[in-house]
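For reference, the structure discussed in these notes is given below.
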Amino acid sequence: MFYGFLVKEDHRNYLRFLWHKDNDLTKEITEYRMRVHVFGNSPSPAVAIYGLRRAAQEGEKKYGSDSRHFVERHFYVDDGLISLLTEDEAINLLKRTQASLAQSNLKLHKIASNSITVMQAFSPGDLAVGLKDLGLDE
């Protein structure tokens, strides 16, 4: 997710690092500068949270205040967790939030639910992988 947020040109010197040219350990050391925020950089989570909330704010008028509220109150960095009364409510909110964030080039995916109906409402590429089937629908 951090790669979705560019580093301003005049801030890139703060994210410099040294590495071998062309990732070849036999070549000379070269100085590189990050163009995007990276995992492991201490301010990256704060930047990501701000960017995610800003994207939700910008999409509020078109996609609804509940979508913005979901992002602002039910996310920790890029993980969202919410419980809704009906499957239709969950599907509707998730689809609108996906569309809202997509306008800022952010992808809401890795969706998981205890409802098969909710899971089937999304493409396989949007679903979390490696989930265990606990047979809760039996």
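According to our numbering, the residues represented by the sequence shown are 82 to 219, in order.
For glycine and all other residues, C-beta sits at the position ideal for the given N, C-alpha and C.
Where residue i falls: helix, strand or coil (DSSP)
i	result
residue 206	helix
residue 199	helix
residue 233	Coverage of the chain is limited to positions 82 through 219, which leaves residue 233 absent and any answer about it impossible.
residue 156	strand
residue 93	helix
residue 182	helix
residue 87	strand
residue 118	coil
residue 211	coil
residue 150	helix
residue 174	helix
Alpha-carbon spacing of residue i relative to residue j, whole angstroms
i	j	result
residue 87	residue 182	16 Å
residue 85	residue 214	32 Å
residue 161	residue 109	43 Å
residue 148	residue 154	10 Å
residue 195	residue 216	10 Å
Proximity to residue i [Cα-Cα], best of the options
i	options	result
residue 193	184, 177, 164, 90	164
residue 169	141, 198, 189	198
residue 98	184, 113, 92, 108	113
residue 139	205, 186, 104	186
residue 117	123, 109, 127, 96	96
residue 127	184, 174, 159	159
residue 179	216, 202, 91, 101	202
residue 124	211, 195, 92	92
residue 143	174, 101, 111	174
Test item: CB-CB of residue i and residue j under 7 Å
i	j	result
residue 156	residue 120	no
residue 171	residue 152	no
residue 209	residue 188	no
residue 177	residue 145	yes
Legend entry - Meets three-Cβ-pair contact criterion under 8 Å: the stretch 103 to 111 and the stretch 130 to 146: no
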